[in-house]
Amino acid sequence: MMDGEKLRIKLVTDCDKFATEFEDEIKLFRHKLTLDQDGAPFEVKVDFDEASCQVSVTVNCSELAKNCYQLSQKIEETSHKVAKIAQIKRIAKGAVYKFLSDAFCEREPYGSLTGIRPTKLYHEFVAKGKDVDAQMRALYVSEDKLSLIKSIVKAQEPVYPSERKDVDLFVNIPICTSRCAYCSFISAELFRVKDMVPRYAQLLCEEIADAKSLIDDFGYRLRCVYVGGGTPTSLPYEQFSDVMKALSSFGAKEFTVEAGRPDTITAPLLDVMDKTGVTRISVNPQTFCQETLDAIGRKHTVSDFYDKFAMARKYSFDVNVDLIAMLPGETPDVFAHSVDCALDLRPENLTVHTLALKKGSALKLGNYDNTSESDAAKMVDYARSACTGQGYLPYYMYRQKYMSGNLENVGYCLPSKQCVYNVDIMEETTSIIACGAGGISKFVDREAGRVERCADPKGLDVYLARGEDVWRKRREFFEKCERERGVVRD
Ligand code: SF4
């Protein structure tokens, strides 16, 4: 293999059920390796001996200098099949990671962890009474990231506990005024769906009404309402106002609207949100560099952001501000400037994303390369020290595939300003009733360690065509899940 050239490998395994997870480990080293059907064999063999609870893993690739790694490890005895498989999988993934990290003399910040919720795993280890630090180290998580995870878990303490009957309401408005170059969401540009919008808003209000009766019928208790998308404030005033009025009847203590794009925020929309009980909104600059904003297709300027932030400050909303590290052309200094500008405004929440290059985004299609691990690390490290230095607490996190430097997204908050919904959705502690095209309802049964999902149709056109079948299906889903939980409804 020449310098700068990627080694082409083909995964060969006798354990097909973990093949996707092994590929995820390989992709952590995507700057060195590429998966290719004609590549050199990369063999992973997994053997489990039921009697001794011993897992044996052998990883082999003759093209690498250190070409073989063997591991034999005992799992904890359990009669629970799912828990047994989870342990075997973790060990096998760890072996693949260890082989590759030794072969390339590289350590990834989250080691062999490829899931999106490191803090959820941490909470699970705590609940099982395990030596959590030792468990995380066994997954090769770095000391620095372990300390971040622990700070987040600590900051979640006031809002983490939720009761069996608690639910959140999520409302999806998958519409934006234009498409950002990094976006891979199913979100339609307003001009393409304008004719469908009035009917969509009407149907959405009907679905919200059904969600309310579902909550009453099942004796659920609402924790928060979250309106996301897309950009909900892309809706024309009349439809936006109808949806907000439908939601105000829930009287939620926490009611977030992801206004997001400064170009969509207007005084009349802020007035409606204020009157209908919204408590938290987002106003997202993403960067304070105008050149970058132009390059990523955001149809607003830095000064628009400042104007809309000042407008929002005339109300009593908590405000969240989003930034993205590793946007095209940005150096660590440019990003640090954005962090400083955002912190100068003292928003209640500041969310620092790391760019993830998703399939279907314009950046990915344009072959933009975001693999500079050292720049990405400098950026997120700067954000963390600047935020914590100014009294902010990291309080939730998640990871995505193809993130720069295999890092993370972190939400920071001023003390006592944790957004409950963000913690609920990331830690999967609370069921979610979702409304709107692309919304995904979740039933969380913590006692059984089970999370079930039920998706509304994705496109506006399909959603409109299905009509009330959408919420009939959702009701059946909750009925089935409650039955399986063994709770008989009165
Ligand atoms: S505002 Fe969000 S959902 Fe809309 S195009 Fe940009 S990234 Fe996608």
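The numbering of the sequence shown is the numbering used here, which starts it at 4 and goes up by one.
The C-beta atom is built at its ideal place from N, Cα and C for all residues, glycine as well.
Just so you know, these numbers come straight off a predicted model, no measurement behind them.
*Any chance the segment 311-322 sits against the segment 281-290, with 3 or more Cβ pairs inside 8 Å?*
yes
*Using the Cα positions of residue 480 and residue 457, report the straight-line distance between them to the nearest angstrom.*
7 Å
*Give a single yes or no on whether residue 188 has its beta carbon closer than 7 Å to a heavy atom of the ligand SF4.*
yes
*Between which two residues does the beta strand (DSSP E) carrying residue 396 extend?*
396-401
*asked:* Using only the alpha-carbon positions, how far apart do residue 300 and residue 184 sit?
replied: 6 Å
*Under a three-way DSSP split, which group does residue 470 fall into?*
coil
_Residues bridged to residue 75 (per DSSP)_ = 59
*Does DSSP put residue 18 in a helix, a strand or coil?*
coil
*Return the chain-ordered list of same chain residues with a C-beta closer than 7 Å to the C-beta of residue 492, the five sequence neighbours on each side being excluded.*
Note that residue 492 scores 44 on pLDDT, short of 50, meaning its location in the model is unreliable; the coordinates nonetheless yield the value given after this. Within the same chain, Cβ atoms closer than 7 Å to the Cβ of residue 492 are found at 221, 485, the five residues on either side in sequence being excluded.
*Within this structure, are the beta carbons of residue 187 and residue 407 separated by less than 8 Å?*
no
_Which complete beta strand (DSSP E) runs does the segment 300-338 hold, if anything under 3 residues is left out?_
Those beta strand (DSSP E) runs which fall completely within the segment 300-338 and span 3+ residues are 321-328.
*Consider the C-beta atom of residue 236 and the heavy atoms of the ligand SF4; say whether any pair is separated by less than 7 Å.*
no
*Per-residue DSSP class, three states only, for residue 138*: helix
*Tell whether a beta-carbon distance below 8 Å holds between residue 11 and residue 42.*
yes
*Under the criterion of a Cβ to heavy atom distance below 7 Å, does residue 232 qualify as lining the ligand SF4?*
yes
*Got a sec: does the ligand SF4 put a non-hydrogen atom nearer than 7 Å to the Cβ of residue 182?*
yes
*Report back the beta-carbon spacing between residue 154 and residue 397 to the nearest angstrom; my notes put them in contact at under 8 Å.*
5 Å
*asked:* Give me, in chain order, the residues of the same chain whose beta-carbon lies closer than 6 Å to that of residue 498; leave out the 5 immediate sequence neighbours on both sides.
replied: Outside the displayed range of the chain (4 to 493) lies residue 498, so it cannot be described from this structure.
*For residue 172, write down the residues that DSSP places opposite it in a beta bridge.*
DSSP output for residue 172 lists 228, 436 as bridge partner(s).
*Close Cβ partners of residue 432 (< 6 Å) along its chain, the five nearest in sequence each way excluded*: 165
*Could you tell me which residues DSSP pairs with residue 179 in its beta bridges?*
192
*Whether residue 423 touches residue 160 by CB criterion (8 Å)*: For residue 423 and residue 160, no; Cβs fall outside 8 Å.
*If we ignore side chains and look at the alpha-carbon of each, how far apart do residue 226 and residue 56 end up?*
42 Å
*Quickly, what does DSSP pair residue 118 with across the bridge? List them, please.*
Residue 118 is not bridged to any residue.
_residue 441 CB to nearest heavy atom of the ligand SF4 below 7 Å_ = no
*Do you know offhand how far residue 46's Cα is from residue 237's?*
50 Å
*Nearest to residue 335 (by Cα), restricted to the options 289, 369, 384, 312*: 384
_the ligand SF4 heavy atom lying under 7 Å from the CB of residue 97_ = no
*Local conformation of residue 211 per DSSP, three classes*: For residue 211, the three-state secondary structure derived from DSSP is helix.
*asked:* I'd like to confirm the pairing. Which residues does DSSP put opposite residue 415 in its beta bridges?
replied: 353, 397
*Between residue 354 and residue 411, is the Cβ-Cβ spacing less than 8 Å?*
no
*Is it the case that the CB of residue 195 approaches a heavy atom of the ligand SF4 more closely than 7 Å?*
no
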